[in-house]
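Enquirer:
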Amino acid sequence: MSREPQQTPVSRGRPVADPPADLTPTPGQTIGPFYGYALPYEGGERLVDRADPRAVRLHGTVYDGAGDPVPDCLLEIWQPDEHGRVPREPGSLLRDGYTFTGFGRAPADRAGHYDFTTLEPGATAPGRAPYLLLTVFARGLLDRLFTRIYLPEDAVALAADPVLSGLPEQRRSTLVAEREPSGALRFDVRLQGEDETVFLTYPGQSSYGFGR
Amino acid sequence: MSSTTETFEDRHREHDAVPATPPPGLPADPAASSDAAADSQSQLSEEMERIQRGYEASGEREHGPRLDYAPYRSSVLRHPTKDPHHVDPELIELSSPAFGHRDVGDLESDLTIQSGGEPIGERIKVRGRILDSAGRPVRGQLVEVWQANAAGRYIHKRDQHPAPIDPNFTGVGRCLTGQDGSYEFTTIKPGPYPWKNHRNAWRPAHIHFSLFGTDFTQRLITQMYFPGDPLFSLDPIYRSIVDDQARRRLVAEYDHEVSEHEWLLGYRWDIVLGGSNRTWTEPEEDER
Ligand SMILES: [Fe+2]
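Line by line, the protein sequences give chains A and B.
Counting in my numbering, the first sequence runs from 1 upward without gaps.
Counting in my numbering, the second sequence runs from 213 upward without gaps.
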């Protein structure tokens with residue numbers, strides 16, 4: 001329904017000839033405490049060079065239900081380029097400094113703070129509100145969480161956005177980044193509590209576990 | 213914020229020295245979560261049994277872990293409490309980053325040859341396929357693994373378990389899936405290890421897996437376990453998946469076909485990535 005008539009980058013393929021009898025999705029588990037020497041990589045948080053005139057800083061802090069920062073978490077972003085095109089080029093793990101791959105990975109620091117250098121995403125279709133997809137993994141979090149980071153500027157597009165308009169006003173703001181005077185985008189994540197970030201599920205995913 | 217003398221690894225090391233979060237109703241006194249004051253395994257097991265009975269009485273079926281699972285103490289303040297918002301995926305959610313041979317070297321799937329010498333322990337191979345819930349292979353996609361060594365020790369600086377580090381084993385591997393969605397790692401069977409959730413808490417042996425699908429909404433991080441582990445019923449992370457059939461999907465199968473003569477033992481573990489929003493359409497142009 002909200003699908004755009006554009007091509008998606010990976011082949012749909014045919015089912016394998018001998019699929020397993022059970023095709024129920026494999027459950028997730030926590031990332032645990034020891035991913036730090038395995039998943040983060042040099043340049044993971046730098047989707048473009050800081051010197052790139054288009055570069056924007058996207059940063060924030062992850063908080064737990066007591067309002068304390070979460071130092072042992074890992075964040076990933078996936079986004080279109082500044083023209084709203086979905087990148088198809090490999091090279092996220094070993095960046096060449098020129099290719100925008102759209103994927104970034106950043107561990108939080110000791111203060112629960114993360115930092116990406118990236119491009120501002122463009123709208124994937126005229127009139128749509130531009131956003132990045134954010135995934136959060138943490139020790140103590142038994143499965144990943146998805147959310148969206150919307151750019152704050154286009155009030156008309158934000159008001160018309162089907163996801164945001166389905167939310168009460170006060171919760172809606174948890175999905176919109178704040179523009180700092182420096183031009184940076186700030187987006188804090190609150191895993192729990194009064195101003196808890198809105199987390200998303202998609203068709204085909206169960207919503208087990210959210211407080212039940 | 214980080215000093216200039218720090219290395220990349222220093223800046224990105226883990227922060228596991230954080231004490232376990234107390235269960236609801238107990239004071240959040242850091243001293244209360246020291247080893248001496250922690251809950252016993254029998255208290256923990258009783259809590260897990262109570263949740264299990266509640267689940268079985270509910271008559272519902274759950275396929276994943278509960279995010280709110282108090283026996284895993286660190287989850288208490290880190291699980292969302294509000295309902296997730298259901299969303300129709302858009303273009304970016306229906307696609308996924310591409311990884312290629314620039315990103316992953318061919319030898320990275322063999323964790324036994326990454327240093328100068330042979331790591332110690334039981335040499336194994338883990339093989340399987342990454343499929344979506346329609347049985348379609350996830351092709352050319354990134355798989356990342358990390359694990360403890362044979363003694364149950366991670367190379368991680370914050371791992372305080374007094375078991376030996378193996379200088380010939382980092383426990384980190386990566387590969388790209390084949391055209392049929394297949395992956396394969398040669399490694400050493402990881403040992404179980406203690407942790408601070410409660411007193412005498414031990415994790416069943418496991419390998420951490422990180423997976424991408426064709427849609428970013430299929431992104432999955434999970435753990436693979438070994439058949440017959442006596443620690444399953446005692447482990448709150450495994451048991452956070454309250455459905456017994458669902459959690460057994462994380463247990464690999466011993467497969468003698470994968471074992472190699474006088475060389476290693478083989479395990480098979482297929483992974484199904486849910487949440488793909490693509491519908492099965494008749495054969496289109498092949499993108500190989
Ligand atoms: Fe582990």
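Idealized CB from N, CA, C, for every residue including glycine.
#1: Give a single yes or no on whether G32(A) has its beta carbon closer than 6 Å to a heavy atom of ligand 1.
#2: With a cut-off of 8 Å on the beta carbons, I'd call P404(B) and G364(B) a contact; round off their distance for me.
#3: Tell me which same chain residues have a C-beta within less than 7 Å of the C-beta of F100(A), skipping the five on either side of it?
#4: Please confirm whether R139(A) has its beta-carbon closer than 7 Å to some beta-carbon of chain B.
#5: Along chain B, in chain order, which residues have C-beta atoms closer than 7 Å to that of R88(A)?
#6: For a contact defined as C-beta to C-beta under 8 Å, what are the partners of W358(B) on chain A?
#7: I want to verify the contact list: residues of chain A whose CB lies under 7 Å from the CB of V484(B), in sequence order.
#8: Determine, using beta-carbon pairs with one atom in the region 101-109 of chain A and one in the region 139-152 of chain A, whether at least three such pairs fall under 8 Å.
#9: Just how far apart, CA to CA, sit D115(A) and R351(B)?
#10: Kindly indicate which residue of P25(A), P40(A), T30(A) and A21(A) has the alpha-carbon position closest to the one of H368(B).
#11: Leaving out the 5 sequence neighbours to the left and right, which residues in its chain are closer than 7 Å to L319(B) when beta-carbon positions are compared?
#12: Could you compute how far the alpha carbon of L432(B) sits from the alpha carbon of G340(B)?
#13: Mind checking which residues open and close the alpha helix (DSSP H) that includes Y202(A)?
#14: Would you check if the distance between the CB atom of P349(B) and the CB atom of D392(B) is smaller than 7 Å?
#15: State buried or exposed for W481(B), treating a residue as buried only when at least 16 other CB atoms are found within 10 Å of its CB.
#16: Can you pull the chain B neighbours of V16(A), defined as C-beta to C-beta under 9 Å?
#17: Below 7 Å CB to CB, which residues in the same chain sit around H373(B) once its five sequence neighbours on both sides are set aside?
#18: Is L476(B) near I332(B), with beta carbons less than 7 Å apart?
#19: For R451(B), I'd like the list of residues in its chain whose CB is within less than 6 Å of its CB, leaving aside the five on either flank, ordered along the chain.
#20: Hey, which unbroken runs of the alpha helix (DSSP H) at 4 residues or more fall wholly within the region 11-95 of chain A?
#21: Label E76(A) either buried or exposed according to how many other C-beta atoms from any shown protein chain fall within 10 Å of its C-beta, with 16 as the threshold for buried.
#22: For chain A, find out if any of its Cβ atoms is closer than 7 Å to the Cβ of S252(B); answer yes or no.
#23: What separation, rounded to the nearest whole angstrom, lies between the Cα atoms of A108(A) and E45(A)?
#24: So A155(A) is in the alpha helix (DSSP H); what residue range does that whole segment cover?
#25: Using a Cβ-Cβ distance under 7 Å, would I77(A) count as near chain B?
Expert: Reading it off the structure:
#1: What you label residue 32(A) is simply residue 32 of the first sequence in a count that begins at 1. Answer for G32(A): yes, Cβ within range of ligand 1.
#2: What you label residue 404(B) is simply residue 192 of the second sequence in a count that begins at 1. What you label residue 364(B) is simply residue 152 of the second sequence in a count that begins at 1. Your pair P404(B) and G364(B) checks out as a contact, with CB atoms roughly 6 Å apart and the cut at 8 Å.
#3: By one-based count along the first sequence, residue 100(A) stands at place 100. If the five residues before and after F100(A) are omitted, its C-beta is found closer than 7 Å to the C-beta atoms of L47, V48, D81, P87 and L119, all from its own chain and listed in chain order.
#4: Position 139 of the first sequence, counting from 1, holds the residue named residue 139(A). Using a CB distance cut-off of 7 Å, R139(A) counts as an interface residue toward chain B.
#5: For the purposes of this step, residue 88(A) is taken as the residue at position 88 of the first sequence. Neighbours of R88(A) in chain B, taken as residues whose beta carbon is under 7 Å from its own, are A310 in chain order.
#6: Translated into the one-based positions of the second sequence, residue 358(B) becomes position 146. Going along chain A in sequence order, the residues near W358(B) (Cβ under 8 Å) are F34, Y35, Y37, A38 and L39.
#7: Within the second sequence, numbered from 1, the residue matching residue 484(B) stands at position 272. Ordered by position in chain A, the residues that pass the 7 Å Cβ test against V484(B) are L23, T24, P25 and T26.
#8: Contact between the region 101-109 of chain A and the region 139-152 of chain A is absent, because fewer than three Cβ pairs lie under 8 Å.
#9: Locating residue 115(A) in the first sequence gives position 115, counting from the first residue. Locating residue 351(B) in the second sequence gives position 139, counting from the first residue. For D115(A) and R351(B), the distance between alpha carbons rounds to 31 Å.
#10: For this step, residue 368(B) is matched to residue 156 along the second sequence. If we check each option's Cα against that of H368(B), P40(A) comes out closest.
#11: Counting from 1 along the second sequence, the entry for residue 319(B) is found at position 107. Excluding sequence positions up to five before and after L319(B), its CB lies within less than 7 Å of the CB of I325, all in the same chain and listed in chain order.
#12: Within the second sequence, the letter at position 220 stands for residue 432(B). Within the second sequence, the letter at position 128 stands for residue 340(B). Approximately 16 Å between the Cα atoms of the pair.
#13: Counted from its first residue, the first sequence places residue 202(A) at position 202. For Y202(A), there is no enclosing alpha helix (DSSP H), since its DSSP letter is neither H nor E.
#14: The residue you call residue 349(B) lines up with position 137 of the second sequence. The residue you call residue 392(B) lines up with position 180 of the second sequence. Cβ atoms of P349(B) and D392(B): closer than 7 Å.
#15: In the second sequence, residue 481(B) corresponds to position 269, counting from 1. Counting every other CB atom within 10 Å of its CB across the protein chains shown gives W481(B) a total of 16 or more, marking it as buried.
#16: Stepping through the first sequence from its first residue, residue 16(A) is reached at position 16. Within chain B, the residues R341, L343, G347, R348, P349, D392 and G393 have their CB atoms less than 9 Å from the CB of V16(A), given in chain order.
#17: Taking the first residue of the second sequence as position 1, residue 373(B) is located at position 161. Closer than 7 Å at the Cβ level, and outside the excluded window around H373(B), lie G364, R365, Y405 and P406.
#18: By 1-based counting over the second sequence, the position of residue 476(B) is 264. By 1-based counting over the second sequence, the position of residue 332(B) is 120. Taking C-beta atoms as the reference points, L476(B) and I332(B) fail to come closer than 7 Å.
#19: Taking the second sequence and counting its residues from 1, one reaches residue 451(B) at position 239. M260.
#20: Taken in chain order, the region 11-95 of chain A contains no complete alpha helix (DSSP H) segment of 4 residues or longer.
#21: The count along the first sequence starts at 1 and reaches residue 76(A) at position 76. Burial call: buried.
#22: Against the second sequence, residue 252(B) aligns to sequence position 40. No, no contact with chain A.
#23: Taking the first residue of the first sequence as position 1, residue 108(A) is located at position 108. Taking the first residue of the first sequence as position 1, residue 45(A) is located at position 45. In a straight line, the C-alpha of A108(A) is about 10 Å away from that of E45(A).
#24: To locate residue 155(A), count along the first sequence from 1; it is residue 155. In the DSSP assignment, A155(A) falls within the alpha helix (DSSP H) that extends over A155 to A160.
#25: Reading the first sequence from its first residue, position 77 is the one you call residue 77(A). No, I77(A) lies away from the interface with chain B (no Cβ there is under 7 Å from its Cβ).
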